[in-house]
Amino acid sequence: MTGSSRRYELHPDRLFPADPASRSIARGLYERVRELPIVSPHGHVDPGMLAGDEPFRDPASLFVTPDHYVTRLLHAHGVDLAELGVGQGELDEKAARLAWRRLCEHWAEFRGTPIRYWLEVELAEIFGVNRRLDAATADATFDEIAAKLAGPAFRPRALYRRFGIDVLATTDDPCDDLSAHAALRDDPSWRGRVVPTFRPDAYLEPSAPAWRERIDVLGRVADVDTGTYDGYVAALEKRRRYFIDHGATATDHSHLDLGTEPLVAREAYRIYAAALTGTATQDECTAFRRHMLAQMARMSCDDGLAMALHPGIVRNHHGPTFERFGPDTGHDIPARLEVTRALRPLLERYGTHPGFHLVLFTVDESLYSREIAPLAGFYPSVYVGAPWWFLDTPDAIRRFRLAVTDSAGFGKTAGFVDDTRAFCSIPARHDLSRRVDAGVLAQYVAEHRLDEDEATEVIVQLTDRQPRRAFKLEEES
Amino acid sequence: MTGSSRRYELHPDRLFPADPASRSIARGLYERVRELPIVSPHGHVDPGMLAGDEPFRDPASLFVTPDHYVTRLLHAHGVDLAELGVGQGELDEKAARLAWRRLCEHWAEFRGTPIRYWLEVELAEIFGVNRRLDAATADATFDEIAAKLAGPAFRPRALYRRFGIDVLATTDDPCDDLSAHAALRDDPSWRGRVVPTFRPDAYLEPSAPAWRERIDVLGRVADVDTGTYDGYVAALEKRRRYFIDHGATATDHSHLDLGTEPLVAREAYRIYAAALTGTATQDECTAFRRHMLAQMARMSCDDGLAMALHPGIVRNHHGPTFERFGPDTGHDIPARLEVTRALRPLLERYGTHPGFHLVLFTVDESLYSREIAPLAGFYPSVYVGAPWWFLDTPDAIRRFRLAVTDSAGFGKTAGFVDDTRAFCSIPARHDLSRRVDAGVLAQYVAEHRLDEDEATEVIVQLTDRQPRRAFKLEEES
Amino acid sequence: MTGSSRRYELHPDRLFPADPASRSIARGLYERVRELPIVSPHGHVDPGMLAGDEPFRDPASLFVTPDHYVTRLLHAHGVDLAELGVGQGELDEKAARLAWRRLCEHWAEFRGTPIRYWLEVELAEIFGVNRRLDAATADATFDEIAAKLAGPAFRPRALYRRFGIDVLATTDDPCDDLSAHAALRDDPSWRGRVVPTFRPDAYLEPSAPAWRERIDVLGRVADVDTGTYDGYVAALEKRRRYFIDHGATATDHSHLDLGTEPLVAREAYRIYAAALTGTATQDECTAFRRHMLAQMARMSCDDGLAMALHPGIVRNHHGPTFERFGPDTGHDIPARLEVTRALRPLLERYGTHPGFHLVLFTVDESLYSREIAPLAGFYPSVYVGAPWWFLDTPDAIRRFRLAVTDSAGFGKTAGFVDDTRAFCSIPARHDLSRRVDAGVLAQYVAEHRLDEDEATEVIVQLTDRQPRRAFKLEEES
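Residue numbers (the working numbering), protein chains in the order written: chain A, 1 to 477; chain B, 478 to 954; chain C, 955 to 1431.
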């Protein structure tokens, strides 16, 4: 192992405000929540990974290839996604070493980004690697991490325990049999809690690729004839119940806009029938999807699943990359979003329904103070979703708190979501959020806007109670 | 009186920056304006309250029921507006105690909000109540405040004097006879200044509820036949003169958008006639309202009334609540707004007219640096309105100053507006604004962007000169 | 010379954070780049000024009349542009003194603005005038500056050397013969580097004033028949090559929107032919311009010119002022902009082309975290342009860094551009940017998000490497 590269220590005060008085308060607040279990109500971890508990293959498969945060910035600096192993299935050692090397070579380009922050914390805290990555030591760090990955302490279940995860929600296709969730639940040696989330996007939008085929599968899996609109709705309701039976507490939805205008029954029937025969226009498909989003709220009022909305993303922006490497390869780009008018039809119908929870995320920061916080400050159902995707970063989380607290307080926010495919980044991401919240609350205390005893209660509330409450993840009976 | 609940002191340095050097500068700047009289150029206090000078009824009527800032956040936490006395007229003691209790029970939910900040300051500074509200002491604090309200020192006029209000503008219907304003003006024992503001929204938008009936009343009150467009315009002009005769210096307008495209005369005649017979389309009604907003600017050039625009709010977002409780019940939600193009027709015609003042408010923060400050940085008529409604808070005011000063300086901003129905919150709101401005200016001084003697002049200017200047509230001769 | 007005010293710590620990770090970072040469990849200096090297005429011609930042804020405070010499060609001494006096009289209105900051630095550092401007000393400072301007040390070339400018890009009409650039290049006594920038806006938009005449001139200058679309394209390509031969490394484009949808060839031919005969509709002209913007990207892929986009400005907002004083007179106002969808056609075609550089500016701050940084964080071609025009100020630059670094890091930003017509403001503007970047990076270091050795590398990178890289201004061979 060469000793040429720069070593670092994770500073205990990292991310706290620079002002000494505020920093001291932040330290105390953070200390209160540092060791609290992780509540992860939204993410993209594969439940089969925990059910199977196989060792992770290599450092690249763990840190580079599947993480589009990492690959997109390397691509932005001219690295071909193929060199990072994207879209190639399991990598052999040579390919894995190459992908890892590309990351190490471009380490300086990650300066100042949360990606670098997370990776540094993961490497230091989980793997004891606390040397800056660089080209000269790429193979050495690869070997060092790979050696650890082979040991039992680095298998998924061991890490789950070590990370202190209390509950982890996955994101799942409505037709998924949830066998991995069931296997975990039925395994007496497993003490964790992994719950599925009902994610029906591709079934609600008739113009989505392979919608017709999905509808057939839905019919088969639900054992309901989806040849009619009524059957389609019944099948969705049945699959929601199946998810609930497997521990689900929420649905998740990500469409380009938040339209929720319902159709009259006759129109819904007509468009559904046209969609089945492939003759519905794009406008009709969009109108149908908006109708179905309102229907999802109606179903949530009936069956109690919380409803999370992650809208406003133009998916697969670069066609050629999508064709070559598939989806989730770093070019999903946010677009401007409108909430106040778009959600009105849904909120007029279901916004004050007892027990209905609507968690509203955005990657358009201008919405925080203008639309989302005011809505959450009136509608009992509406929770402000955490800063997400491009915004789950120190500065964006600060801006978020300072933008929404005025109108929505702390009690109508939904806690942190890691939203990650990168399993090892979960503790680093939650810790970042706790540190930044501690810093924001320290500012409130230092400016005499909140007493310290109240701020202490608030940081526990933000870390633990709010995500459980918004996503209905209260302790299992 | 129980002593179980937590007592607090209002910290003299509250809202100042945490950094000691900046804080020290902020203290000095604030001290310069702490005692300056209050100039309140826009708000919703009932002038009859001051004319009649009756004691306030009870703590709920004073602090809870009429204040949609308070009721909306309680509603967001599941409290029925009926329990808060909304829409029920005068409350009996039982109902008033219940409303107050609901506030006390949910006090923790107001943490970090300006609503809590204002109420704490009001309770401590006006009523000497400096214990945190909670369920256990709800009746005791109710009684304590109620006892004080019965005394002469807590009547509206006594409070007006104690608050140090120099001038207070109300918001009034064009057909209002302004008798309360006249009564105050003619009362030799009254030393204050309460001026009306001409708010014609409902008369300019033919699709507004009861527009036709209002137009008839307008004709009667103005003694002009409003059966023709020319008569309608003449009636509005006459009522503006009536307002001016009663001390008005400004008009106020709040439509969803800022369109100002004028109609050719023939079109204005035609649509007006159609509106009278109820046959104008929604598009025609909107076009007519935009035309009339430009007409209001033209009238301001003629009669000298400043023109304030508070656009971009979707009113009564939740239909069922509106039907049950009426307007102003906490679900007016901001929407995205466009200014540059919308105001162009108006500004091309009147933007450089000598003496014309256009005060431009927004609840869409993205407009500050992009559209409003650049407009105010060129057009002599345009003043940047203060952060308003969801934005009259410590963090939003800071963001406002740091967003508009670059392009518009301090001298094209319009000072603070409290915009409140909550009479007792007026001094707390103005004090908050002065503290935050002191903090922002302290940052400029600490970063050597402004000398301290200039910052001292600026804070006086922001507190006193700018609102008087923008709203033409110069000392009466 | 009166001594009545207030003297000031430029504080060595100006613009650094107030917190002592952060300030100390900022000082060190700034010191590293304080004396680095200026790389100015985008601006509006007249190259003839440097070629001719005539003395500046007077203080008003240097600081007031041509600088729409200055004149617009004076106009906003009621000063007639005519009194500032706008649109009047060369001013006689009386007119120049009046313009200067108006600035001095209104000096207090510039408090807190970057305009005042730049002017103070320029007056103190270049002219040794370190007294606040005011009416009483207006003539004295005019004389003091005028006397210096007469001397050889204040001629343009001497100032260019004194300012430490390494390379200065101008903005030029495609039909310009670039004789000033050639004269400089061929002058053995000239050691600077002044490169032209190809700015074809008026040639791409058939509805722009005098488009038809321009196309004829283009044909003559390029010696290509522009009577056909193919000829028009060839003429543009030929002029780009002419610019490259004269040192150009970039093109620059400023349209209202960023549409880039290409036309099929037949449509392009048809609309071009219609435009030549004046029969193209506005929609066709817009579609053609969007097509041509994509064509410009295609040409950049072919000839290697970097492509800079400065969109989203409504030009000449106030018609009467435009008619009286012409363009660039302070009422170009930003408008909301959309990037993600508008640029998609261009980026799908050319976004990953090797060597293609697209520098994306905005005056709509909401785009930074939502659209521009995510695009730059994936597409190798996309660079985030510096905060520009209304945003090249201490607070906006801070907001910019904190909004884009999360998604794009430092290495996909394009460095600072001064974008100025005010030659003497160049060093003050670049110094401001270096100071603010030092402050932001100091915050990263103080919060333990970046080590100090890395921050030191980053500030050099932001100051020198990034603008050279994005605009292809690498050292000449």
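Think of the CB as a built atom: it goes at the ideal place given N, C-alpha and C, for glycine as much as any other residue.
Since we're looking at a predicted model, the values are computed, not measured.
Open item on the list: Output needed for Arg-574 (chain B): all residues of its chain with C-beta closer than 7 Å, excluding positions within five of it in sequence on either side, in chain order.
Closed with: One-based indexing of the second sequence puts residue 574 (chain B) at position 97. Only Asp-616 and Phe-619 meet the Cβ criterion.
Open item on the list: Suppose contacts are defined by Cβ-Cβ distances below 9 Å. Is Leu-561 (chain B) in contact with Thr-590 (chain B) by that definition?
Closed with: Counted from its first residue, the second sequence places residue 561 (chain B) at position 84. Counted from its first residue, the second sequence places residue 590 (chain B) at position 113. Cβ distance not < 9 Å, so Leu-561 (chain B) and Thr-590 (chain B) don't count as in contact.
Task: Neighbour-count burial assignment, Gln-1397 (chain C), 16 or more Cβ in a 10 Å radius - done: On the third sequence, position 443 is the one that residue 1397 (chain C) refers to. Gln-1397 (chain C) is buried by the Cβ-count criterion.
TODO: Please look up how many angstroms separate the CB atoms of Phe-1332 (chain C) and Arg-72 (chain A), rounded, as I've assumed it's under 8 Å.
DONE: Locating residue 1332 (chain C) in the third sequence gives position 378, counting from the first residue. Locating residue 72 (chain A) in the first sequence gives position 72, counting from the first residue. Their Cβ separation, rounded to whole angstroms, is 5 Å, which keeps Phe-1332 (chain C) and Arg-72 (chain A) in contact under 8 Å.
Open item on the list: Based on DSSP bridge pairs, tell me the residues matched to Asp-418 (chain A).
Closed with: Taking the first sequence and counting its residues from 1, the one referred to as residue 418 (chain A) is at position 418. Answer is none; Asp-418 (chain A) lacks a bridge partner.
Task: Contiguous alpha helix (DSSP H) assignments of at least 4 residues, all confined to the segment 779-846 of chain B - done: 796-802 and 821-827
TODO: Count the other C-beta atoms from every protein chain shown that fall within 10 angstroms of the C-beta of Pro-1150 (chain C), then say buried if there are 16 or more, exposed otherwise.
DONE: In the third sequence, the residue the question calls residue 1150 (chain C) occupies position 196. The residue is buried, with at least 16 neighbouring Cβ atoms inside 10 Å.
Open item on the list: What are the residues in the segment 216-234 of chain A lying within 8 Å of chain B by C-beta distance?
Closed with: none
- [ ] Scan the segment 105-128 of chain A for residues whose Cβ lies nearer than 8 Å to a Cβ of chain C and list them as they occur along the chain.
- [x] Ala-108, Glu-109, Phe-110, Arg-111, Gly-112, Thr-113, Pro-114 and Tyr-117
Task: Residues of its chain near Ser-954 (chain B), where Cβ-Cβ distance is below 6 Å and the 5 sequence neighbours each way are ignored - done: Here residue 954 (chain B) refers to the residue found at position 477 when the second sequence is read from its first residue. Any reading at Ser-954 (chain B) must be qualified, since the residue scores a pLDDT of 40, below 50, and its modelled position is unreliable; the value itself is stated next. For Ser-954 (chain B), where only same-chain residues beyond five positions count, there are no Cβ hits under 6 Å.
Task: Among C:Asp-1179, C:Pro-1274 and C:Val-1313, nearest to Thr-1205 (chain C) - alpha-carbon criterion - done: Stepping through the third sequence from its first residue, residue 1205 (chain C) is reached at position 251. Of the candidates C:Asp-1179, C:Pro-1274 and C:Val-1313, the one whose C-alpha sits nearest the C-alpha of Thr-1205 (chain C) is C:Val-1313.
Open item on the list: Closer than 8 Å is the cut-off here; do at least three beta carbon pairs connect the segment 1314-1323 of chain C with the segment 1073-1087 of chain C?
Closed with: no
Open item on the list: Can you give me the C-alpha to C-alpha distance between Leu-1035 (chain C) and Ser-1015 (chain C), rounded to a whole angstrom?
Closed with: By 1-based counting over the third sequence, the position of residue 1035 (chain C) is 81. By 1-based counting over the third sequence, the position of residue 1015 (chain C) is 61. Answer to the nearest angstrom: the Cα atoms are 14 Å apart.
Task: C-beta neighbour in chain C for Val-859 (chain B), strict 9 Å - done: The sequence position of residue 859 (chain B) within the second sequence is 382, counting from 1. Yes, Val-859 (chain B) lies at the interface with chain C (some Cβ there is under 9 Å from its Cβ).
Open item on the list: If contacts are defined as beta-carbon pairs under 8 Å, then Leu-149 (chain A) and Asp-216 (chain A) qualify, I think. What distance do you get, rounded to the angstrom?
Closed with: On the first sequence, position 149 is the one that residue 149 (chain A) refers to. On the first sequence, position 216 is the one that residue 216 (chain A) refers to. Rounded, the Cβ-Cβ distance is 41 Å, inconsistent with contact.
Open item on the list: Can you give me the C-alpha to C-alpha distance between Glu-951 (chain B) and Val-1033 (chain C), rounded to a whole angstrom?
Closed with: For this step, residue 951 (chain B) is matched to residue 474 along the second sequence. For this step, residue 1033 (chain C) is matched to residue 79 along the third sequence. Rounded to whole angstroms, Glu-951 (chain B) to Val-1033 (chain C) spans 22 Å at the Cα level.
Task: Three-state class that DSSP yields for Ala-248 (chain A) in the structure shown - done: Stepping through the first sequence from its first residue, residue 248 (chain A) is reached at position 248. Note: Ala-248 (chain A) maps to coil in three-state DSSP.
Open item on the list: Here's the rule I'm using: 16 or more other beta-carbon atoms within 10 Å means buried, otherwise exposed. How should Ala-742 (chain B) be labelled?
Closed with: Position 265 of the second sequence, counted from the start, is the residue given in the question as residue 742 (chain B). So Ala-742 (chain B) ends up on the exposed side.
Task: Nearest residue (CA-CA) to His-996 (chain C), options C:Phe-970, C:Ala-972, C:Ile-1119 and C:Gly-1273 - done: Within the third sequence, the letter at position 42 stands for residue 996 (chain C). The residue with the shortest Cα to Cα distance from His-996 (chain C) is C:Ile-1119.
Task: Same chain, Cβ closer than 7 Å to Ala-659 (chain B), neighbours up to 5 away in sequence not counted - done: Position 182 of the second sequence, counted from the first residue, corresponds to residue 659 (chain B). The answer, listed in chain order, is His-723.
Open item on the list: Could you give the first and the last residue of the continuous beta strand (DSSP E) run that contains Asp-643 (chain B)?
Closed with: One-based indexing of the second sequence puts residue 643 (chain B) at position 166. Its beta strand (DSSP E) spans residues 642-646.
TODO: Name the residue from A:Gly-48, A:Cys-104, A:Val-221 and A:Leu-276 whose alpha carbon lies nearest to the alpha carbon of Pro-209 (chain A).
DONE: Locating residue 209 (chain A) in the first sequence gives position 209, counting from the first residue. The option with the nearest alpha carbon to Pro-209 (chain A) is A:Leu-276.
- [ ] Look at the alpha carbon of Ala-750 (chain B) and the alpha carbon of His-1285 (chain C), and state the distance between them as a whole number of angstroms.
- [x] In the second sequence, counting from the first residue as 1, residue 750 (chain B) sits at position 273. In the third sequence, counting from the first residue as 1, residue 1285 (chain C) sits at position 331. Cα-Cα distance, rounded: 38 Å.
TODO: Decide if the segment 13-20 of chain A is in contact with the segment 440-459 of chain A; the criterion is three or more beta carbon pairs, one per stretch, under 8 Å apart.
DONE: yes
Task: Rounded straight-line distance, which links the Cα of Phe-1117 (chain C) to that of Glu-452 (chain A) - done: Here residue 452 (chain A) refers to the residue found at position 452 when the first sequence is read from its first residue. Here residue 1117 (chain C) refers to the residue found at position 163 when the third sequence is read from its first residue. Their Cα atoms are separated by approximately 51 Å.
Open item on the list: Just to confirm the assignment, what range does the beta strand (DSSP E) spanning Ser-428 (chain B) have?
Closed with: No statement about residue 428 (chain B) is possible, as the shown extent of chain B runs from 478 to 954 and does not include it.
Task: Segment limits, beta strand (DSSP E) that includes Tyr-383 (chain A) - done: Along the first sequence, one-based indexing puts residue 383 (chain A) at 383. Unbroken beta strand (DSSP E) run through Tyr-383 (chain A): 382-384.
Open item on the list: Closer than 7 Å between beta carbons: that is the criterion. Which residues of the segment 62-73 of chain A meet it against chain C?
Closed with: Arg-72 and Leu-73
TODO: Could you name the residues of chain A that Asp-471 (chain B) contacts, counting a contact when the two beta carbons are closer than 7 Å?
DONE: Outside the displayed range of chain B (478 to 954) lies residue 471 (chain B), so it cannot be described from this structure.
TODO: Find the nearest neighbour of Leu-184 (chain A) within the set A:Asp-406, A:Pro-174 and A:Thr-170, judged by alpha-carbon distance.
DONE: On the first sequence, residue 184 (chain A) is found 184 positions in, with the first residue counted as 1. Per the Cα distances, A:Thr-170.
Task: Per-residue contacts from Lys-889 (chain B) into chain C (C-beta, under 9 Å) - done: The residue you call residue 889 (chain B) lines up with position 412 of the second sequence. Neighbours of Lys-889 (chain B) on chain C, chain order: Leu-1027, Ala-1030, His-1031 and Glu-1063.
TODO: Using the Cα positions of Thr-2 (chain A) and Asn-130 (chain A), report the straight-line distance between them to the nearest angstrom.
DONE: Within the first sequence, the letter at position 2 stands for residue 2 (chain A). Within the first sequence, the letter at position 130 stands for residue 130 (chain A). Annotation note: pLDDT 42 at Thr-2 (chain A) (below 50); position unreliable, no value reported.
- [ ] Take the Cβ of Gly-789 (chain B) as the centre, count every other Cβ of all protein chains shown within 10 Å, and call the residue buried at 16 or more, exposed below.
- [x] Counting from 1 along the second sequence, the entry for residue 789 (chain B) is found at position 312. Looking at its Cβ environment, which holds 16 or more other Cβ atoms inside 10 Å, Gly-789 (chain B) is buried.
Task: Proximity winner among A:Gly-52, A:Gly-411 and A:Glu-371, relative to Leu-337 (chain A) (alpha-carbon distances) - done: Residue mapping note: residue 337 (chain A) aligns to position 337 of the first sequence, counting from 1. Taking only the C-alpha atoms, the option nearest Leu-337 (chain A) is A:Glu-371.
TODO: Along the alpha helix (DSSP H) that carries Val-1178 (chain C), what are the first and last residues, could you check?
DONE: Here residue 1178 (chain C) refers to the residue found at position 224 when the third sequence is read from its first residue. It is not in any alpha helix (DSSP H) - Val-1178 (chain C) carries neither H nor E in the DSSP assignment.
TODO: Output yes if chain B places a C-beta closer than 9 Å to the C-beta of Phe-1279 (chain C); else output no.
DONE: For the purposes of this step, residue 1279 (chain C) is taken as the residue at position 325 of the third sequence. For Phe-1279 (chain C), the answer is no, since every Cβ of chain B falls outside 9 Å of its Cβ.
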